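Asks:
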Amino acid sequence: MPMSFNLNVIEEFRANGGRVGGPFEGGDLLLLTTTGARSGRPHTVPLGYVRAEGLLLVVASAAGAPEHPQWYRNLLAHPVVRVELGTEAFETVAVPAEGARRKRLFAAVVRKAPGYGDYQAHTDRELPVVVLERLEPPADGPAPVVRSLADKLLEAHTWLRAQLRHVREEAHAHAPGRPATLGMQLRQHCLAFCDGLTHHHTGEDTAIFPALARSHPELADVLARLGEQHRAIGRIKEELVALLAGIAVTEPERLRAELDRMSAELEAHLDFEEAELLPVLAGIPFPPSGPPPGGPAPGGSAPSDG
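The opening residue of the sequence shown carries number 479 in the working numbering; numbering runs sequentially from there.
#1: Going by DSSP, what residues sit across from R582 in a beta bridge?
#2: Out of P688, L675 and F750, point me to the one whose CA is closest to E716's CA.
#3: Given this structure, state the Cα-to-Cα distance separating D629 from W637, to the nearest angstrom.
#4: In the DSSP output, what is S626 paired with across the bridge?
#5: Under a Cβ-count criterion, where at least 16 other Cβ atoms within 10 Å of its own Cβ denotes burial, should S482 be classed as buried or exposed?
#6: Measure the C-alpha to C-alpha separation of R671 and L642 and round it to an integer number of angstroms.
#7: Near P771, which residues of its chain fall below 8 angstroms by C-beta distance, leaving aside the five closest residues on each side in sequence?
#8: State the start and end residues of the unbroken alpha helix (DSSP H) segment that holds R665.
#9: Going by the DSSP bridge assignment, what does E569 pair with across the sheet?
#10: Considering only the beta carbon of each residue, do N552 and V523 sit closer than 7 angstroms?
#11: Look at the alpha carbon of N486 and the alpha carbon of D738, and state the distance between them as a whole number of angstroms.
#12: Leaving out five residues on either side along the sequence, give the residues of the same chain with a beta carbon under 8 angstroms from the beta carbon of V587.
#13: What does the alpha-carbon distance come out to for the pair G564 and A575?
#14: To which residues does DSSP link H521 through a beta bridge?
#15: Closest by CA to T513, which one among I711, L733, L554 and N494?
#16: Over the uninterrupted alpha helix (DSSP H) stretch that includes E706, give me the two end residues.
#17: Report the rounded CA-to-CA distance for V719 versus S539, giving the unit in angstroms.
#18: P547: which of H556, V561, R560 and L605 sits nearest, CA to CA?
#19: Quick check: what's the CA-CA separation for V520 versus E489?
#20: Please state whether DSSP places A651 in a helix, a strand or coil.
#21: Going by the beta-carbon positions, is the gap between L627 and I762 smaller than 7 angstroms?
#22: Going by DSSP, what residue range makes up the alpha helix (DSSP H) through L551?
#23: Taking 6 angstroms as the cut-off, is the C-beta of H600 nearer than that to any heavy atom in the ligand ZN?
#24: Looking only at its chain, what residues have a beta carbon closer than 7 angstroms to the beta carbon of C668, apart from the 5 residues adjacent to it on each side?
Laid out in structure tokens, this is it:
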């Protein structure tokens, strides 16, 4: 669709709580915001959606065009996407369905929206069916109340630990004798973890650590050590991203080894950071109410915020 048409639909959607007129009137429509595979900038498109088997689905049909739409290529590079549905907005991990599951879900989509069957008939490519998996907090109790930067740091660390544990469990569940590739679901979940890790560490390196260095010079050695740990973990993350560069993971044993190495390094880093920084961060309100005496208040966000 032309960009100007999309922009008009997006504006109408947001102004009217998800209701639009024209060709989408009365239809099931959402807004999907992806991160550009090359630009790194956010891109929002209006898309029809279908609910089936309790899942929120979108189809990369491009009206039966021979090439995948750009938003689909974006989510292959950056799986965490933002969904606006009615008046609600939330983040999801976008996971293209594969094999028998894709066939079953596409059949369910066509039963509810037959036009997708027509689109499939007009192209040689298999139309991807994308499951939008909502990011939820760990299900081990109520969400913690965030009142200080220490609480916010623990929230981010809890997310990172949970995501990495989930990805490792998926990777190790692939026993010998099963297909050589680990599949799209693991790939997308692992890339989502890597993006979240990058987001969190970038926020610390560019905002939290410099502010703490100004207000608490006695932490200089601790902050230097944390920076070194960030760089070491970043090198492991780049190894993971390189292994996931293709559509399918073709080196399962190497991926499992890198995930295990990441787990050991990250857990040691998070434990050290919590022991050294939480007492200081507990005295800084979040959201910040104003700059502390030593300079601007350090700020940051959980990985799932962007």
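We treat Cβ as the ideally placed atom computed from N, Cα and C, and that holds for glycine. Computed from a prediction, not measured in an experiment: that's the story for all the values here.
Replies: With the given structure in hand:
#1: None; R582 has no bridge partner.
#2: L675
#3: 12 angstroms
#4: P763
#5: exposed
#6: Looking at the sequence provided, one finds Phe at residue 671 rather than Arg. Answer to the nearest angstrom: the Cα atoms are 7 angstroms apart.
#7: Residue placement at P771 cannot be trusted, given a pLDDT of 39 that sits under 50; what the coordinates show is reported in the next sentence. These residues qualify, in order along the chain: S693.
#8: M662 to G681
#9: R560
#10: no
#11: 47 angstroms
#12: V528, A530, L535, V537, Y594 and V607
#13: 25 angstroms
#14: T512
#15: L554
#16: A698 to L721
#17: 27 angstroms
#18: L605
#19: The displayed chain sequence assigns Pro, not Val, to residue 520. Rounded to the nearest angstrom, the two C-alpha atoms are 16 angstroms apart.
#20: coil
#21: yes
#22: It is Arg, not Leu, that sits at residue 551 in the sequence shown. Unbroken alpha helix (DSSP H) run through R551: Q548 to A555.
#23: By its list of ligands, the structure shown contains no ligand whatsoever, and the ligand ZN lies outside what it can speak to.
#24: V645, L718 and L722
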